[in-house]
Amino acid sequence: MTYSLAGRIQTRIVLFGVIGGIWTALVTPILPTRLPLGSSYEMSFTVLGLIIVLGVAWELAYHLLQQFRWDKDWPTGFSLLAGVPEGLVLWLLLDSGTWLWDVPVTARGFWTLFISTWLLIWAVLSGPIRVLLVRRRWRGGRLFG
Amino acid sequence: MTAAGPFVARTGDLTRKLLDADIWSEQLLFEAGIPIADAPMVCVGGGLGTFALVDHLRICGVRPESLQVLTPLSAPWESFAYLTRVSQISRGDRLRSDSSSCPDNLWGFPSFAVREAFGADTVRGSLRPLWQVLTEPICGEHYTPRLGEVLDALAREARRIRYPEMVTQGQVRMVRRREAGGYFTVLTPPERATGARRIAFRSAHVHLAVGYAGLRFLPELAAYRASTRNSSRVVSAYEPHEHVYDQLRRRPGTVMVRGSGIVAARVVHRLIEERNAHGLQTRVVHLLSHDVPGPQGPRFMRRNGGDGFAYQAFDEPKAVWGGQLRDRAGATEGAGRVEFYDSLGGPSTPYRKDWHAQLATARAQGWYSTVAGEVEALDPQSDDLISARIQARDSVLMAQVSFVVDCTGLQPDIGEQRILADLLHHSNAGRNPLGGLDVDPSFEVRGTRSGKGRLYASGAATHGGYLAGEDTFLGLQIAAQEIADDLAAQGFCARLDVSRSVRQWVRWAANRPI
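In order, the protein sequence lines correspond to chains A and B. Heads up, the first sequence is in this note's numbering, so the first residue is 75 and it goes up one at a time. Heads up, the second sequence is in this note's numbering, so the first residue is 2 and it goes up one at a time.
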């Protein structure tokens, strides 16, 4: 994909917000969190929210790296592998208790949600998105403007 | 009077009055005896540029009766297939094209890699393209589709959208604006056809995708061919030149290959394969216009290179079709546009590990060499040899060669193309900063609007516009989409929104005719 900065940020917010939101809402009741459902939802939507909010900062870093590439592209493998540092940073943040509020979090619950959401979004971005948003790939990933 | 004498029009032919008038009326055509046919939209060219637009418009709900394709070609891929064949790409060879550049599928999904994976007979055959597309270009070369696969996909889509029903064969002579709005497009039917000598198609809109004007022969090559009246020793890679390989099998010789793009790479590859397969003694002198000793350009616009070649996966850096570079091109005018195109660099070839190894071996064995310079003159010598005088950076070199294969490209000058030249003279069309046809961001040819009618152009003729990489599968599809959106805004067709896109994609996937 050949992202512009605006395209990266819009894609991050809208895809994780909409598709990620639907997925999180559906999958949370069966996540192996060993927590009451309410606490599970608190954890899962905090994780999703942080993927989006911190993701905007990650996108700035990715965009900087993209500038070193002649094609000004972001290979699909990069999009997949970006989940590794993002997941680790997010887990360390939540597990160390340094996040702004106390979130009930379990490792199995967190990683199941994070990996499944990440793979789902990556799969959608790798093809089906081009059917849903037919102009997006010609506009640097922008959905608006 | 014309240069050839007094102008006498035959019945049903162009009259002096018509030729001179910038804007035509039905009365003028009636006086000339030229019959008028109606079509809401006329598409001139009939190659892949036309196909991209027709495909798009059909998907946007335009009926076949509303589209008239005027072309000398019998299939939209005819020119493309010819050019690939003569430039040494067979059906089983892979093109220089991205997995999701699908001329038969405007969504680019499923990509060619996925299709190849599903069509493979073995698990290994299925996994290979998927692994390649997942790890490209970091762990290996880009996935690229086979020519045969692309041609088959095009044929399938042409049938699905009923493309042949929209075609009228013949040579388009000109497009002129119509007094009451819209355009007249004059077609000369094939000689064998009975009926009128010319037909004027009256339409609200016209789209031009007429490709290249012809082969680009550099002056000294053209001079050699003209002076010796022999076109078998100095050939363009884009014209049939099998005789070069045939003769080298019978008699050893030296070939000078000129150019540093993908076609030159293919020709050198063929020469090496021929040498290896038949135990030949062919020697190759590869003449490059610029020496590229290594990566070039500033830090944030640095292209890989080495051994004389600039390396790049596709015709242009990928972002020209839909990323930062497209945005940047879209914001340029005048000198800024020229500067932008300069920043994209000259010809390039993709880095192929096996080809690179072949060249290294050939160099080590001393029968392949590169020279950076320009040919100053070619002179015929005895025994079918050609003496080439080459101006290198700081010296003049002489080479005795048996053949010169020129791979420097196709003629991009729109003034050499009859329909476009007529447009420049009579329809107020202009040139962009690089000399191509000046189109706006929706690919409407600036200055040619006629009433509510619009004249669009895409492909090679628009080189130098807001979209670089215009003459590629993606470039033609992007232009088609912009044109379709512009036409949808005028009510000519439906806009390709989410709902239509999903429904039409399902139809495409099921191969259901539309």
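We put the beta carbon where it would ideally sit given N, CA and C, even for glycine.
Check	Outcome
Whole-angstrom C-beta distance between B:Ala495 and B:Gly215, which should lie under 8 Å	The Cβ separation is near 38 Å, so there is no contact.
CB contact below 8 Å: A:Gly151 versus chain B	yes
8 Å contact criterion, which B:Gly347 and A:Lys146 should meet: CB distance rounded	Incorrect: roughly 18 Å between the Cβ atoms, too far for contact.
Option nearest B:Ser26 by Cα separation, candidates B:Pro41, B:Pro146, B:Ala181, B:Glu66	B:Ala181
Chain B residues whose Cβ lies nearer than 9 Å to that of A:Gly201	Ser101, Trp108, Gly109, Phe110, Pro111, Ser112, Val115
B:Leu435 beta carbon less than 8 Å from that of B:Leu421	no
Proximity winner among B:Val269, B:Arg338, B:Ile415, relative to B:Gln359 (alpha-carbon distances)	B:Val269
C-beta neighbour in chain A for B:Phe301, strict 8 Å	yes
Chain A contacts made by the region 117-139 of chain B, where a contact means CB separation under 8 Å	Val134, Leu135, Thr136, Glu137, Pro138, Ile139
Separation of B:Gln401 from B:Ala393, as counted between CA atoms	16 Å
Below-8 Å beta-carbon distance, A:Ser78 vs any chain B residue	yes
B:Gln170 versus B:Leu326, B:Val43, B:Gly460, B:Thr371, residue with shortest Cα-Cα distance	B:Val43
Nearest-angstrom beta carbon gap, B:Val87 and B:Tyr184 [assumed within contact, 8 Å]	Not really, about 34 Å apart at Cβ, beyond 8 Å.
Under 7 Å from the C-beta of B:Ser396: neighbouring residues of chain A	Ordered by position in chain A, no residue passes the 7 Å Cβ test against B:Ser396, which lies about 32 Å from the chain.
A:Leu79 in three-state terms, based on DSSP	helix
Interface flag, B:Gln89 vs chain A, CB-CB below 8 Å	no
Neighbour flag for A:Trp175 against chain B, beta carbons, 8 Å	no
Cβ contact check for the region 76-96 of chain B and the region 40-58 of chain B: 3 or more pairs under 8 Å	yes
With 16 other Cβ atoms within 10 Å as the buried cut-off, status of A:Val92	exposed
Beta strand (DSSP E) segment containing B:Thr72, residue limits	68-72
Identity of the residue in A:Ile203, A:Ser190, A:Pro178 nearest A:Leu111 by Cα	A:Pro178
Check whether B:Gln478 and B:Val211 have beta carbons under 8 Å apart	no
Environment of B:Pro146 [buried if 16+ CB atoms lie within 10 Å]	buried
For B:Asp56, three-class secondary structure by DSSP	helix
Minimum C-alpha distance to B:Asp385 - residue among B:Glu275, B:Asn231, B:Gln89, B:Glu166	B:Asn231
Contacting residues, own chain, Cβ-Cβ under 6 Å from B:Ala481 (five flanking each side not counted)	Ala53, Leu54, His57
Listed by chain order, chain B residues near A:Gln52 by CB distance under 8 Å	Absent from the structure is residue 52 of chain A, since the part of chain A shown begins at 75 and ends at 219.
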